[in-house]
Amino acid sequence: MTADNTPASVDGASTPYLTASADGTLWMSWMEPAPDSSWRMRVAYRPAGGTWSSPQTVIADPLLFANWADFPAIAVDARGRLVAHFLRRSAPGKYSYHVWVSTSADRGATWSTPQRLHRDTSATEHGFVALVADTNGVDAAWLDGHATDGEDGAMSVAFGGVDTLGRARADTMLDTRTCDCCQVAGARTTDGVLFAYRDRSPGEVRDIAVVRRDAGGWHAPAIVHADGWVTKACPVNGPALSARGHRVALAWFTKARDTAIVQLAISDDDGATWSAPRRVDDGTPLGRVDVELLADGSALVVWMEQTSAGHADIRARRMDGDGTSSAAFTVSATSDARQAGFPRATVLDDQQVIVAWREVGPPSTLRLARITLTLAAAR
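Those letters in the sequence shown? Residues 1080 to 1458, per this note's numbering, in order.
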């Protein structure tokens, strides 16, 4: 593992997000303070074998919502067009904000007029978005707060996206009772698309569910594993998904029976059925997981592990398809504070994974690391 250079240089930069396009280009988005004390979303790219481009501004707006757990992201569609989502306040309320999308056909130099991703315009919370590129644009799923105006209302998982012309698609509800503030994860398989999220039962059981669509349409949401985590408060700790072909890796955090665990489950049928979960962490996890499925069928799981009061490690462990696993290794020491955010990872090629995170200061900066792996014969 080696340190990698970052395109973000402004003190206070936060919420890095990574993705890689089919041609080997690495993309990164992040939020940073603007000179007028508002926020702006930035993006940069690094072509295979090249250097980072100058950062471009997706949007600068005093109404932008900047949050450690609900953060902007980008996706690159099959035509090479960039799609970005970000959050804008819709009313004075603390969590009154909407999801907006914008597209770029020139590698981030110019951006389309932003469009609201969802039809609902209520002054409620909308966010925690997963973007999944496809041949017809970008699919998206998010937490929608349209039903939370009342005392007993719950968040929903909604589905929509952006078409090939950059227009927001009509949205639909996939699950009408979900956890309030855990990120949605998404992935594309050979047969379709699936999303993972933290469910919320009437009895406040908050386990991980998946909902998937194939040629036959949407399947009903299903719990991946009955952890049985009962909690009345949202843990702010969403799952992570990664897919190659029919194989899917799902990582998540639970604290069922007051035992904190990071787990991994594998599906070889596009998310229809799942293996028994395998424990990933080293005994004191904070969660904040990400996962990347590798070409040989193994999965690299990234998470945060508590090391002492106020301190944590960003760790990674490779979980092989035969049930074995490597020793965990530390990507970086970090803070356990919310300001440290969520480490994000992406596969750059079949043998390299890039990890991004926020180093809490002062100064607070973004860091990157490159993990080089030796793969077995591909599945």
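Note that beta-carbon positions come from the ideal geometry of N, C-alpha and C, so glycine has one too.
Check, Outcome
"Report all residues from its chain with a CB closer than 7 Å to the CB of D1428; omit the five preceding and five following residues, and keep chain order.", "G1103"
"K1311 CB to nearest chain D CB: under 9 Å?", "Structure shown: chain D not included; a single protein chain is present."
"If you draw a straight line from the alpha carbon of E1111 to that of G1295, how long is it in whole angstroms?", "43 Å"
"Between T1257, S1280, L1222, which has its C-alpha nearest V1178's C-alpha?", "L1222"
"Would you tell me roughly how many angstroms separate the C-alpha atoms of T1257 and P1281, rounded to the nearest one?", "10 Å"
"Run the CB neighbour count on P1422, radius 10 Å, all protein chains shown included, and call it buried at 16 or more, exposed below.", "buried"
"Alpha carbon to alpha carbon, what distance is there between A1219 and G1366?", "23 Å"
"Taking only runs of the beta strand (DSSP E) that begin and end inside the segment 1247-1308, which ones reach a length of at least 3 residues, in chain order?", "1251-1257, 1264-1267, 1272-1277, 1287-1293"
"Report yes if the C-beta of L1166 is less than 8 Å from at least one heavy atom of the ligand PLP; otherwise report no.", "As for the ligand PLP, it is missing from this structure, which has no ligand bound."
"Which residues in the same chain have their Cβ closer than 6 Å to the Cβ of R1323, if we skip the five residues on either side of it in sequence?", "L1372"
"Determine the contact status of W1131 and A1139, defining contact as a CB-CB distance below 9 Å.", "no"
"I believe V1341 touches A1330 by the beta-carbon criterion, under 8 Å. Please report the beta-carbon distance rounded to the nearest angstrom.", "7 Å"
"Spatial neighbours of A1406 within its chain, please: CB distance less than 7 Å, with the 5 preceding and 5 following residues excluded, ordered by chain position.", "none"
"First and last residue of the beta strand (DSSP E) that includes L1329?", "1326-1333"
"Grouping DSSP H, G and I as helix and E and B as strand, with all else coil, what is A1154?", "strand"
"List the endpoints of the continuous beta strand (DSSP E) containing V1162.", "1161-1168"
"Could you tell me the alpha carbon to alpha carbon distance between V1370 and D1293, rounded to whole angstroms?", "23 Å"
"Can you tell which of G1216, E1283, S1414, L1097 has the C-alpha that lies nearest to the C-alpha of A1157?", "G1216"
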